[in-house]
Structures are given as C-alpha cells and as structure tokens.
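Protein sequences appear in the order of chains A and B. Every letter in the first sequence is one number past the one before it in the working numbering, and letter 61, counting from 1, is 61. Take the position in the second sequence, starting the count at 1, then add 1000; the result is the number in the working numbering.
2 protein chains.
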Amino acid sequence: MHPAPLLKDLDPRLNALVMDLIGRVADKWTMTVLEVLAEAGTLRFTRLAEAVPGVSQKMLTQTLRAMQRDGLLLRTVHPVVPPHVDYRLTDLGLSLGEAFCGVWTWAEVHMERVESARTAFDGRG
Amino acid sequence: MHPAPLLKDLDPRLNALVMDLIGRVADKWTMTVLEVLAEAGTLRFTRLAEAVPGVSQKMLTQTLRAMQRDGLLLRTVHPVVPPHVDYRLTDLGLSLGEAFCGVWTWAEVHMERVESARTAFDGRG
Chain A
1 MHPAPLLKDL DPRLNALVMD LIGRVADKWT MTVLEVLAEA GTLRFTRLAE
51 AVPGVSQKML TQTLRAMQRD GLLLRTVHPV VPPHVDYRLT DLGLSLGEAF
101 CGVWTWAEVH MERVESARTA FDGRG
Chain B
1001 MHPAPLLKDL DPRLNALVMD LIGRVADKWT MTVLEVLAEA GTLRFTRLAE
1051 AVPGVSQKML TQTLRAMQRD GLLLRTVHPV VPPHVDYRLT DLGLSLGEAF
1101 CGVWTWAEVH MERVESARTA FDGRG
C-alpha cells in the first residue's frame, strides 16, 4: 500500500547487474570462504578446505576460482619446490565479508526462532 | 598467520545450523523478496511476481513457502470471493532484510570493480 519504488522501477541495467552479482556471491561456500579468510588472513588450499566444513575439493576449487575472477581473492603461487599456493582476500573481498557480517550475526542470533517456526509450520501438516 | 579461530573451532552444532540457514536465505530470490516486501509492505502474489524480475511462478511459490516455513513471511488468506491472498514480512523477516541491506549496497557500490576484475581475469586466458 506504500508508494515506495519497487525493484522494477529502478534502473533495469543496474538492477540486473546487482541481482547477477548477488546471485554469485550469496552462496554459502563463498560466504564461508570470506568469513574464514577474513579471520585467518592467508591460507593454503589444504587449510582452507579443513576450515570450510562439508565442502568438496571440486566445489572449493570452483568457489575460489569464481572469487578470484570477481576480484575478491588473491591467489599467490610461490616459486619453490614443490610449488606452494596460498589465498587471501583483496580489499574488495574484505569489504564484502564485512557486508555479510550482519547476515552471520543475524543467523546466530535468530537460529532458534527459525527452528521453532519450521517445527510449527511442519506440524500444521 | 593469525591465531584467530577458524569456523571449525566454533561449536560444531551452531556452525552447522548457521551454515544451513545461510544456505537457505543466501539465495537471490529470497533476498529480492525481502527487499521488495521491505519496501512495499504488503503485496499480492501477482504484484510480487511483477516486482521480482526474471522469477518464474514456480520458483516464486517455492521461495515464498520456504520463507513462510522459516518464519520470515506471513501469508494471509482473506475470506472473500474470489479469495485474496497477500504476503508481508514478519519482524524476523524485516530484521533479515536489514542484515542483507549491506550486501545490496556493497553490490551497487562495487559493481564496476567486479566487472573490471572479470574482464581482466577472462583476458588473461
């Protein structure tokens, strides 16, 4: 009932770009890698895999590559034998991690309310 | 190189629940419905579908049902002929919308940097 503008009234090109980007980064693996690297600074692949519970090697590789392409992540290959590769966030990645911080906090704070809502909904049959 | 705790060091049950919830709500349709209803207040299905560009009826129906189950959304059936159904956010849904607000703002502000990063990455072949 409010006269507030809806999304479709905004610049359609900007809107499409923002939705595309949101669709890419609003992914639990991307969000978790942002969180882990924001805490840890720099990690090798193996340590990163340990810190992201439940991720497969393939999914982690895809996530890291997409994040690198989006400019969120730096992948550094150290020219030693055997080669040593590590990952850290760019300033852009750090800023996205901060933006998602509110969502993590929300999930932690409201977890039990969501669980109760689900139980109530499922019980209504 | 920092001694900061990684996710795996947190309470594993809380961590699994938070990741499950993030996986559910970090979805571009959920995020867009939160944004649209936060702006518009109450909408019928048809108006909501118009305001979420590119969503199919089936996907919107699934998204609304999952949001209702999570306690984010109220679905009201008005007993008139023909029946009239509308949707609005609960307080829980409004608070999640606010938490995601930073991500929308980030996407709008940093869109061009992400586009440039993608072009540079793809050009490296």
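A virtual CB, placed ideally from N, CA and C, is assigned to each residue, including glycine. Here the structure is a predicted model, which is why all the values come from computation and not from measurement.
Check each candidate in the options and name the one with the smallest Cα separation from residue i.
i: Val1033 (chain B); options: B:Leu1074, B:Met1019, B:Glu1112; result: B:Leu1074
i: Gly54 (chain A); options: B:Ala1016, B:Thr1061, B:Thr1105; result: B:Ala1016
i: Asp122 (chain A); options: B:Arg1044, B:His1110, B:Gly1071; result: B:Gly1071
i: Gln1068 (chain B); options: A:Val18, A:Met19, A:Glu115; result: A:Glu115
i: Gly97 (chain A); options: B:Val1077, B:Thr1042, B:Thr1105; result: B:Thr1105
i: Ile1022 (chain B); options: A:Thr46, A:Phe45, A:Lys28, A:Arg113; result: A:Lys28
i: Glu1035 (chain B); options: B:Val1109, B:Leu1094, B:Arg1113, B:Met1111; result: B:Leu1094
i: Leu48 (chain A); options: A:Val80, A:Thr119, A:Asp86; result: A:Asp86
i: Leu37 (chain A); options: A:Ala51, A:Glu112, A:Ala26, A:Val103; result: A:Ala51
i: Thr42 (chain A); options: A:Phe100, A:Gly102, A:Arg113, A:His84; result: A:His84
i: His1078 (chain B); options: B:Ala1120, B:Leu1060, B:Arg1044; result: B:Arg1044
i: Gln62 (chain A); options: A:Met19, A:Thr30, A:Phe100; result: A:Thr30
i: His1110 (chain B); options: A:Ala117, A:Glu108, A:Leu92, A:Leu60; result: A:Leu92
i: Ala117 (chain A); options: B:Ser1056, B:Ala1026, B:Ala1066, B:Ala1040; result: B:Ala1066
i: Ala1026 (chain B); options: A:Gly102, A:Thr76, A:Thr119; result: A:Gly102
i: Val18 (chain A); options: B:Ala1107, B:Asp1020, B:Ala1120, B:Thr1119; result: B:Ala1107
i: Arg1024 (chain B); options: B:Leu1064, B:Val1081, B:Thr1076, B:Thr1090; result: B:Leu1064
i: Leu89 (chain A); options: A:Lys58, A:Pro82, A:Val80, A:Thr76; result: A:Thr76
In chain A, what lies closer than 7 Å to residue i by C-beta?
i: Ser1056 (chain B); result: Per Cβ cutoff of 7 Å: no residues; Ser1056 (chain B) is ~14 Å from chain A at best.
Is the shortest distance between the beta-carbon of residue i and the beta-carbons of chain A less than 8 Å?
i: Phe1121 (chain B); result: yes
i: Phe1100 (chain B); result: yes
i: Met1111 (chain B); result: yes
i: Val1081 (chain B); result: no
i: Leu1094 (chain B); result: no
i: Arg1118 (chain B); result: yes
i: Glu1108 (chain B); result: yes
List, in chain order, every chain B residue whose beta-carbon is nearer than 9 Å to that of residue i.
i: Asp86 (chain A); result: The contacting residues do not exist; Asp86 (chain A) stays about 10 Å from chain B at best.
Who are residue i's beta bridge partners in DSSP?
i: Asp86 (chain A); result: A:Arg44, A:Thr76
Does any residue of chain B bring its CB to less than 8 Å from the CB of residue i?
i: Val103 (chain A); result: yes
i: Ala49 (chain A); result: no
Could you run through the region 61 to 76 of chain A and flag, in chain order, every residue whose CB is less than 7 Å away from some CB of chain B? Flagged, chain order: Gln68, Arg69, Asp70, Gly71.
Any residues in the region 1018 to 1046 of chain B with a beta carbon nearer than 8 Å to a beta carbon of chain A? Which ones, in chain order? From the region 1018 to 1046 of chain B, only Val1018, Met1019, Leu1021, Ile1022, Gly1023, Val1025, Ala1026, Asp1027, Lys1028, Met1031, Thr1032, Glu1035, Val1036, Glu1039, Ala1040, Gly1041, Thr1042 have a Cβ closer than 8 Å to chain A.
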